[in-house]
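Visitor: When we follow our numbering, the leftmost residue of the sequence shown carries the number 11, and every step to the right adds one.
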Amino acid sequence: MIKNRNIQKKQKYFRFIPPLSSWKNAYCENESRIAREGKEYILGLNMSENVGMSFEERAALCALNRIFGFEPKVGLKIIGTLESAMAVFKERTEVGRILGACSRARYASLITESAFETSAIELEALERNGCRFIGIGEKGYPALLMECDDPPLGLYFKGISRPEDVFGGLPQVAVVGTRGLTYYGKDWCGRIVDAMSKSNVKPLIVSGLALGVDVTAHIAALDSGLPTVAVMATGIDDLYPSRNKNVGERIASTAGCALVTDYPPGTGAVRINFLRRNRIIAGICRATILVESKIRGGGMMTARLAASYGRDVYALPGRIDDPVSQGCNLLIRENVAEQIGDLGELVSRLGLGRTDLRLKSDFKEEVASCYRGQFPDDEYEDIVRLALLIKSHRGVSIDELCQRLKWTYSRVTRLATTLECDGFISVDLLQHCHAKK
């Protein structure tokens with residue numbers, strides 16, 4: 011018999027995590043039936059009716075999420091057949107019959123009283139640490155995620171706002187991309203988020219807390235007053251990577267923001283976990299923006315998943331010879347993503363109304379007004395010309411500038427140093443120049 015909430019606490023906290031190999035190896039003949047019946051269960055959920063989800067039902071969902079984390083369709087099919095998560099544990103003998111003779115039959119042996127008790131203890135530990143578990147169908151579970159055919163059975167949540175306040179009001183937009191972010195990508199990532207912050211309808215920015223585009227999007231959102239959600243590929247107790255720990259803590263302590271994951275506490279950073287995480291980013295949001303990505307990468311996977319869910323996808327075009335722009339350019343060529351050009355049009359297409367795009371004055375005019383009257387006419391024209399060339403050829407080297415302009419090395423470096431000192435460009439250790447405005 012399943013014990014109630016007042017079960018005796020175990021001295022040793024037992025963690026039960028299913029084998030990762032189930033992600034690839036668990037397909038069988040009744041795949042389509044499982045997907046169909048699982049989807050029917052999702053459609054039958056009424057979130058308003060599940061506001062008062064019992065502790066036992068939530069604990070049962072938490073336990074099943076541990077077991078079926080890599081195959082949520084199977085878990086949904088079983089719950090749908092037995093009509094509740096708690097019934098799965100009360101009628102464990104029925105699970106084998108429902109699954110049939112296939113590779114998934116092994117799951118029947120994992121649905122145990124011990125698994126339920128472990129999750130019940132875990133829920134109480136979460137509450138003591140300012141976290142919670144949101145079961146599918148419960149108020150606060152992201153509505154758009156429930157429209158997908160493979161939503162997680164629940165989400166771990168950490169934030170000072172209620173889940174329903176984070177996910178229930180604002181439109182959600184994902185901003186994702188490569189960890190190897192360039193100056194161009196960082197600049198445009200900031201511009202895109204800034205434009206959305208100045209729109210009539212303020213969105214919730216969703217990303218993955220990774221290095222590069224993810225953390226840039228989170229910081230840009232926080233700095234511009236937009237709420238942001240970080241969907242993690244680890245347990246709610248492990249902010250990864252450690253370099254972004256401060257950003258994660260800032261998100262968790264800011265109103266309207268949250269840390270979210272479907273992985274149990276204690277789960278570390280494993281490559282396959284990031285692949286599973288990406289579907290949640292895509293599923294939560296009405297649109298996904300890919301800033302920079304190679305042909306293969308997590309950002310590309312998220313964008314393609316979003317397209318498969320019927321969501322809008324946008325991509326920032328880049329140089330055809332730039333590896334971190336090739337993924338974006340490919341999605342645009344394949345008509346999977348719409349090209350980002352005019353930010354006002356992007357904001358409008360996202361359904362956010364209009365935006366005040368008086369973000370930055372014209373680069374040429376800024377440079378010209380800064381040096382007008384300070385140099386002889388010929389040198390004034392040269393420094394403006396140099397600035398515009400660097401602006402239009404991001405990452406151009408000093409040597410390339412010498413060749414293009416037919417100037418001496420000393421002349422180029424002198425004028426470039428002037429532009430750098432005045433904040434118009436930056437020059438890295440390899441003497442590549444990048445416009446900063």
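All residues carry an ideal CB built from backbone N, CA and C; glycine is no exception.
Enumerate in chain order the residues of its own chain whose CB-to-CB distance from F177 is below 6 Å, with the five nearest sequence positions on each side excluded.
Guide: Here the set comprises P152.
Visitor: Classify R116 as helix, strand or coil using the three-state DSSP reduction.
Guide: Looking at R116 - three-state DSSP - the assignment turns out to be helix.
Visitor: Is the distance from the Cβ of W198 to the Cβ of L360 below 8 Å?
Guide: Not in contact: W198 and L360 (Cβ atoms no closer than 8 Å).
Visitor: Mind checking whether K149 and L269 have CB atoms under 8 Å apart?
Guide: Not closer than 8 Å, so no.
Visitor: Do R189 and L221 count as a contact pair if the criterion is CB distance below 8 Å?
Guide: Yes. Within cutoff.
Visitor: Do the region 336–346 and the region 297–309 meet, that is, are 3 or more Cβ pairs less than 8 Å apart?
Guide: With the cut-off at 8 Å, the region 336–346 and the region 297–309 touch.
Visitor: Which runs of the alpha helix (DSSP H) spanning at least 4 residues fall entirely within the region 142–208, listed in chain order?
Guide: With a minimum length of 4 residues, the continuous alpha helix (DSSP H) runs that stay inside the region 142–208 are 153–156, 173–177 and 193–207.
Visitor: Could you work out which residue in A243, I89, N283 and V203 is closest to T298 when comparing CA atoms only?
Guide: That would be V203, whose Cα lies nearest to the Cα of T298.
Visitor: Please list, in chain order, all residues of the same chain as I400 whose beta carbon is under 7 Å from its beta carbon, the five residues on each side excluded.
Guide: If we look at I400 and ignore the five residues flanking it on each side, its Cβ neighbours are V406, I435, C443 and A445.
Visitor: Might you give, ordered along the chain, the residues of its own chain that have their beta carbon closer than 8 Å to the beta carbon of L440, omitting 5 neighbours on each side?
Guide: Around L440: S407.
Visitor: Just the Cα atoms here: how many angstroms apart are T365 and E123?
Guide: Distance between the alpha carbons of T365 and E123 is about 55 Å.
Visitor: Let me know the secondary structure DSSP gives A279 once reduced to three states.
Guide: Three-state result, A279: coil.
Visitor: Just curious, the alpha helix (DSSP H) that V394 is in, first and last residue?
Guide: Segment D387 to S402, the alpha helix (DSSP H) holding V394.
Visitor: For A118, which option in L154, R138 and F78 has the closest C-alpha, if you only look at C-alpha atoms?
Guide: Cα-wise, what sits closest to A118 is F78.
Visitor: Using the Cα positions of V437 and E430, report the straight-line distance between them to the nearest angstrom.
Guide: Each residue's alpha carbon lies about 7 Å from the other.
Visitor: Hey, is the region 207–224 in contact with the region 382–389, meaning 3+ C-beta pairs nearer than 8 Å?
Guide: Taking 8 Å as the limit for Cβ pairs, the verdict is that the region 382–389 does not touch the region 207–224.
Visitor: What is the DSSP secondary structure of P333, reduced to helix, strand or coil?
Guide: In this structure, P333 counts as helix in the three-state DSSP scheme.
Visitor: Hey, G70 and F126 are a contact pair by Cβ (cut 8 Å); roughly how many whole angstroms apart?
Guide: It should be pointed out that residue 70 corresponds to Ala in this sequence rather than to Gly. With a Cβ gap of about 6 Å, A70 and F126 count as contacting.
Visitor: If you reduce the DSSP assignment to three classes, tell me which class Q449 lands in.
Guide: This structure cannot speak to residue 449, because the chain is shown only from 11 to 447.
Visitor: Strictly by DSSP, which residues pair up with Q502?
Guide: No answer is possible for residue 502: it lies beyond the span of the chain, which begins at 11 and ends at 447.
Visitor: Taking the alpha-carbon positions, what's the G354 to I261 distance?
Guide: When rounded, the distance between both Cα atoms is 27 Å.
Visitor: Going by DSSP, which residues form a beta bridge with A268?
Guide: BP columns for A268 point to V239.
Visitor: With a 10 Å radius around its C-beta and 16 neighbouring C-beta atoms as the bar for buried, classify N345 as buried or exposed.
Guide: Classification for N345: exposed.
Visitor: Does the beta-carbon distance from T277 to T238 come in below 8 Å?
Guide: No, the Cβ-Cβ distance between T277 and T238 is not below 8 Å.
Visitor: Alpha carbons only, please: which of A130, S129 and V84 is nearest the one belonging to R116?
Guide: It is V84.
Visitor: Cα-Cα, which of S234, R138 and S171 is closest to K212?
Guide: Measuring from the Cα of K212, the nearest candidate turns out to be S234.
Visitor: Take the Cβ of N75 as the centre, count every other Cβ of all protein chains shown within 10 Å, and call the residue buried at 16 or more, exposed below.
Guide: It counts as buried.
Visitor: Could you give the distance in angstroms between the alpha-carbon of R287 and the alpha-carbon of A265?
Guide: Distance between the alpha carbons of R287 and A265 is about 23 Å.
Visitor: Buried or exposed: where does F448 fall if 16 or more other Cβ atoms within 10 Å of its Cβ makes it buried?
Guide: Nothing can be reported for residue 448: it is not among the residues displayed for the chain, which extend from 11 to 447.
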